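Worksheet: the structure to be examined is printed underneath.
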Amino acid sequence: MASLQPVRGTHDLLPDEMRAHRRVSDIARDAASRYGFDEMATPMFEFSQVFKRTLGDTSDVVTKEMYTFVDKGGDEITLRPENTAGVARSFISEGLAQSVPVKFFYSGPMFRYERPQKGRLRQFHQIGIELIGVDQPQADLEVIACGARVLDDLGVLDTTVLELNTLGDSESRGQYREALVSYFTKYVDALSSDSKERLARNPLRILDSKNERDREIISDAPVFDDYLNQESRNFFTIVRDGLDALEIAYTLNPRLVRGLDYYCHTAFEFTTQALGAQGAVIAGGRYDGLIGMMGGKETPGVGWAGGMERLAMLSDDPSPKPRPVVIVPLGEAASRAGLNLTETLRQGGFRVDMGYSGNLSRRMKRANKLNATATIIIGDEELARDAATVRHMDTGEQEEVPLTSLPDFLAPYR
RNA sequence: GUGGCUGUAGCUCAGUCGGUUAGAGCGCUAGAUUGUGGAUCUAGAGGUCGUGGGUUCAAUUCCCAUCAGCCACCCCA
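The first sequence runs 1 to 414 under this note's numbering.
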């Protein structure tokens, strides 16, 4: 291995991979736009408080995964680990409470100091949408439907499962939390060390433990359904009925818990088995308390984020490299004519590349490697007649065409 | 952050029970073909055997550390 390695958990996106990413964000942006979400962007870093105050002191994202530094002005800055907090901050800074409801799409890099794994990087890329200012469950439905649409357009919907849960409102969740703590406290000694930790920090998390002994204890734990108040129950029912009406299949997963503190009511994840342990490709939920928590006017919101690397891996449809027309000039006079022609064709909307050097055979090889649709050969013979030889690379047929009519002649290859 | 596996050419991998010049296929460069690509043939370039240290007359090989990747935990997109 070369001594110049990229920083752990970061990755170069060479053209093939970049194209796969571009495809994911293009398809997502387009789908989101049909649901009324407009693209926007927030800075890649914020004051650390933006994340600390909102993500919750118990979340791993805040406690150990943030890239934080003090800048030259003495401000404590954090590279965004996710984008919902940034969007919420922007919503407040920009006074967008005036223009509620607001619907945003974004895509860009996020940073988390984690142990890298397949589908888990330190710099990774997310697409996402946020719908701010609507407290009706119709907003949740629109957001989930949009996620399903993105996956479908990417051609991966049928390799994923939509898992759904409700976190209830804060009253319901508070009571359930108490019930869980008192239940699990009885079994502390039997719990795994991870779960002991969770008991103190985020007891709901225990429900999702993979430890076998934990699972046994969990099987008799209080059920959230018994603690949901009427309002939370109604909300969830409308979401479920709506999904049925939209014919979006889902499975209830009462163990589905959000890591970040600001979530309430609807929580969902589109997951896949195809990516190993990192199975969530799109995940989100409702975050009614977030904007108020940040100091803005109480404003509800719903949204999701999707991992572009994971989505790209799942759909492994390497969108084909676009095929150019290749100009092959022979001789000095032809080089000059070729340069002009290249520019003319590019201006006319063609993708044009060059056979730069060597004899005709070498230049043809380059054209072939570029997977050219057509090669335009200009030598002294053609030049004398103000023409060029066009070779159709797929059929091997070729013919002479006057220079001036090339754009029309090549139109099928534009 | 924890545990395990792995690291030989641009890529996929062989090999060295510690011993002189480390191999293959693909790819790359050039020639056969001074105006014709894909196929074939020929030649060539490319490796501090991830990095640092230790043991040894001798280390790519054994040991330790370190870095990176992969798998699981954890967490999440």
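Glycine included, each C-beta is placed from N, C-alpha and C at the ideal position.
No experiment lies behind these values; they were computed from the predicted model shown.
Please return the same chain residues whose Cβ sits closer than 6 Å to the Cβ of residue i, not counting the five positions on each side in sequence.
i           : result
residue 141 : 242
residue 258 : 267, 285
residue 43  : none
residue 183 : 221, 222
residue 19  : 319
residue 377 : 328, 389
residue 248 : 148
residue 292 : 298
Use the C-beta contact count for residue i: other C-beta atoms within 10 angstroms, 16 or more gives buried, fewer gives exposed.
i           : result
residue 210 : exposed
residue 395 : exposed
residue 75  : exposed
residue 368 : exposed
residue 349 : exposed
residue 90  : buried
residue 310 : buried
residue 343 : exposed
residue 269 : buried
residue 47  : exposed
residue 219 : exposed
residue 34  : exposed
residue 128 : buried
residue 7   : exposed
Using 8 Å as the threshold, is the C-beta distance between residue i and residue j below it?
i           : j           : result
residue 485 : residue 352 : Missing from the structure shown is residue 485; the chain here goes from 1 to 414 and no further.
residue 263 : residue 167 : yes
residue 193 : residue 229 : no
residue 126 : residue 305 : yes
residue 282 : residue 154 : no
residue 163 : residue 256 : yes
residue 355 : residue 346 : no
residue 296 : residue 92  : yes
residue 67  : residue 84  : no
residue 187 : residue 217 : yes
residue 105 : residue 87  : no
residue 254 : residue 134 : no
residue 13  : residue 21  : yes
residue 161 : residue 237 : no
residue 400 : residue 384 : no
residue 24  : residue 313 : no
residue 420 : residue 107 : Outside the shown range of the chain (1 to 414) lies residue 420, about which nothing can therefore be said.
residue 132 : residue 101 : yes
residue 9   : residue 137 : no
residue 359 : residue 323 : no
residue 421 : residue 275 : Because the chain here runs from 1 to 414, residue 421 falls outside it and cannot be looked at.
residue 191 : residue 214 : yes
So if DSSP puts residue i in a beta bridge, which residue, or which two residues, is it bridged to?
i           : result
residue 45  : 79
residue 131 : 103, 302
residue 161 : 271
residue 68  : 78
residue 39  : 105
residue 111 : 123
residue 11  : According to DSSP, which records beta bridges pairwise, residue 11 is partnered with nothing at all.
residue 389 : 377, 400
residue 466 : What is shown of the chain runs 1 to 414, which leaves residue 466 out entirely.
residue 5   : Residue 5 pairs with nothing; no bridge assigned.
residue 117 : 120
residue 86  : Answer by DSSP bridge pairing: none, since residue 86 is not bridged.
residue 307 : 126
Only counting the same chain, and skipping five residues up and downstream in sequence, which positions put a Cβ closer than 7 Å to that of residue i?
i           : result
residue 279 : 271, 272, 273
residue 397 : none
residue 331 : 379, 380
residue 374 : 325, 390, 391, 392, 393, 410, 413
residue 198 : 205, 206
residue 315 : 154, 155, 156
residue 139 : 131, 302
Identify, in the order they occur along the chain, each residue of the same chain with its Cβ nearer than 8 Å to the Cβ of residue i, setting aside the five sequence neighbours on each side.
i           : result
residue 170 : 264, 289
residue 2   : Note on residue 2: pLDDT 36, under 50, position unreliable in the model; no value is reported.
residue 70  : 76, 77
residue 181 : 199, 203
residue 337 : 329, 378, 383, 403
residue 225 : 254
residue 65  : 81, 112, 113, 114
residue 177 : 203, 204
Given the structure, does residue i come close to the ligand FMN, in the sense that its CB is under 7 Å from one of the ligand's heavy atoms?
i           : result
residue 122 : Inclusion of the ligand FMN in the displayed structure is not the case, the ligand content being empty and no account of it being possible.
Any beta strand (DSSP E) of 3 or more consecutive residues that is wholly inside the stretch 211–299: 264–272, 280–286
message: Extract the residue ranges of the beta strand (DSSP E) inside the stretch 324–377, only unbroken runs of 3 or more that lie entirely within it.
response: 325–329, 352–354
- prompt: Along the chain, which unbroken stretches of the beta strand (DSSP E) at least 3 residues long are found entirely within the stretch 154–200?
  reply: 160–166
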